[in-house]
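Everything in the sequence shown is counted per the numbering used here, starting at 772 for the first residue and increasing by one. Virtual Cβ for every residue (Gly too), placed ideally from N, Cα, C. To start, the structure itself, in structure tokens.
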Amino acid sequence: MGEGTVGVCLAGFGHWGRNLARNFFQLGALRAICESDTARLEGIAAQYPGVRTYARYEDALEDNECNAVALATPAEQHYPMALRALEAGRDVFVEKPLALDPDDGMHMISKAAARGRILMVGHLLRYHPAILKIRQLIESGWLGKVEYIYSNRLSMGKIRREENALWSFAPHDISVILALIGHMPVQVTATGGAYLQPNIADVTVSSLLFDNGTRSHIFVSWLHPHKEQRLVVIGSKRMIVFEDSRPDNKLVAFDQKIEMRNGNLEAGKVEGIPVEFEHEEPLRRECLHFLQSVAARSKPVTCGEEGLRVLRVLQACQRSLQMGGEPVQVDSRAMLRVMNM
């Protein structure tokens, strides 16, 4: 490979891995696919000409044309597989969550730093043009002070055994909320219910409290009659709603119309105003950002440290969930201003 060329080996060719394969191939970076289920590898030669296939991860890591690894494997495999790739001198993109334990996440970050490798976590929404537009509106002051954010991520979706709905659905929303507010929360609470499998929550509601008074909540469920992906940001001047599950007008803003009438606060009816944003596949932007970060040796937006902050919030929510909704303080080691947003 020439200097600056990035060759990616994708590990995991399941539902999401196929999407990563498509994007890395279209970007000219896909060199190999590793998948232990050999039946999934059938047809790859025709679909992705020139891309090699491996059934064993050890063999894939010996491919000298791959200087980067993208992991789309089950969450419990992220830590050991990423560590092996880093030790082999590969840059690593790992799907969310970064790991299942913050200590493992810290080890991954330390290993990447020691080896001079890029470590990036797949928090897809951070690359969504609508989220980038919301950040722009917040930074410009157009929305006013952010006072409250809530997120609903609901579906009758794939039921997992290795992780609950909190760990499966909430990482994206936590990542976005931290970026929009710009701080870690000081305290979280979480409640939920396990209805299909013992001790694996199908539904959770997590509340985050920030030291500037801002609050947020995240409602996730894979036991819901219809798909809903909604993020609502309440500002002191305006509100904005992002509904990714809508076919059009996905981003709509509302003016605050709160007036004092006869000694009472009354909310006037307001019409939503569609907000335009670029229409580009978020996953393509995410994959391209990884390739650019590797080529330039620059820290990604969703770097390992950002993934660790999300892990710490997830861990605190999980503890609260296990304690029946008791408030949990977020680890003091994570009380740093969110950087690289």
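*residue 891 - DSSP class collapsed to helix/strand/coil*: strand
*Extent of the continuous beta strand (DSSP E) run through residue 786*: Segment 786-797 is the alpha helix (DSSP H) holding residue 786; no beta strand (DSSP E) there.
*Alpha-carbon to alpha-carbon, residue 807 and residue 1000*: 32 Å
*Check each candidate in 864, 935, 962 and 1008 and name the one with the smallest Cα separation from residue 970.*
935
*asked:* Please identify the residue among 1024, 933, 841 and 817 whose C-alpha is closest to the C-alpha of residue 968.
replied: 933
*Which residue's Cα is closest to the Cα of residue 779: 786, 789 and 799?*
799
_Quick check on DSSP: helix, strand or coil for residue 989?_
strand
*Given a cut-off of 9 Å, decide if residue 862 and residue 890 are closer than it, judged by their beta-carbon atoms.*
yes
*Between residue 852 and residue 842, what straight-line distance do the alpha-carbon atoms span, to the nearest angstrom?*
8 Å
*Please name the residue, chosen from 826, 950 and 972, that lies closest to residue 899 on a Cα-to-Cα basis.*
950
*Would you kindly work out how many angstroms separate the C-alpha atoms of residue 942 and residue 1015, rounded to a whole number?*
16 Å
*Give me the Cβ distance between residue 1085 and residue 868, rounded to the nearest whole Å; I'm assuming they're in contact under 8 Å.*
7 Å
*Please work out which residues of its chain come closer than 7 Å, Cβ to Cβ, to residue 788, disregarding the five sequence neighbours upstream and downstream, and give them in chain order.*
781 and 843
*Measure the C-alpha to C-alpha separation of residue 939 and residue 1066 and round it to an integer number of angstroms.*
30 Å
*What are the boundary residues of the beta strand (DSSP E) that residue 885 is part of?*
Counting along the chain, residue 885 falls outside any beta strand (DSSP E), though it belongs to the alpha helix (DSSP H) covering 873-886.
*asked:* Report the CB separation of residue 896 from residue 902 in whole angstroms; it is logged as a contact under 8 Å.
replied: 5 Å
*Determine the burial state of residue 927: buried for a count of at least 16 other Cβ atoms within 10 Å of its Cβ, exposed for fewer.*
exposed
*Decide if residue 809 is buried, meaning its Cβ has at least 16 other Cβ atoms within 10 Å, or exposed.*
exposed
*Rounded C-beta distance between residue 1041 and residue 1023? I'm assuming under 8 Å.*
Contact doesn't hold; Cβ gap of about 11 Å is too wide.
*asked:* Check this for me: beta carbons of residue 966 and residue 976, under 9 Å apart or not?
replied: no
_Residues in the same chain with beta-carbon distance under 8 Å from residue 959, minus the five sequence neighbours each way, listed in chain order, please._
977, 978, 979, 980, 1084, 1087, 1088, 1091, 1098, 1099 and 1101
*Does the segment 812-822 touch the segment 877-891, meaning 3 or more C-beta pairs lie closer than 8 Å?*
no
*Cα-Cα, which of 1017, 972, 955 and 954 is closest to residue 962?*
972
*asked:* Please identify the residue among 1081, 820 and 1075 whose C-alpha is closest to the C-alpha of residue 954.
replied: 1081
*In or out: residue 827 buried (at least 16 other Cβ within 10 Å) or exposed?*
exposed
*Could you check if residue 894 is buried or exposed, using at least 16 other CB atoms within 10 Å of its CB as the buried criterion?*
buried
*Quick one: residues in its chain with C-beta nearer than 8 Å to the C-beta of residue 796, no 5 flanking neighbours on either side, listed in chain order?*
819 and 822
*Hey, would you say residue 1008 sits closer than 9 Å to residue 1095, going by beta carbons?*
no
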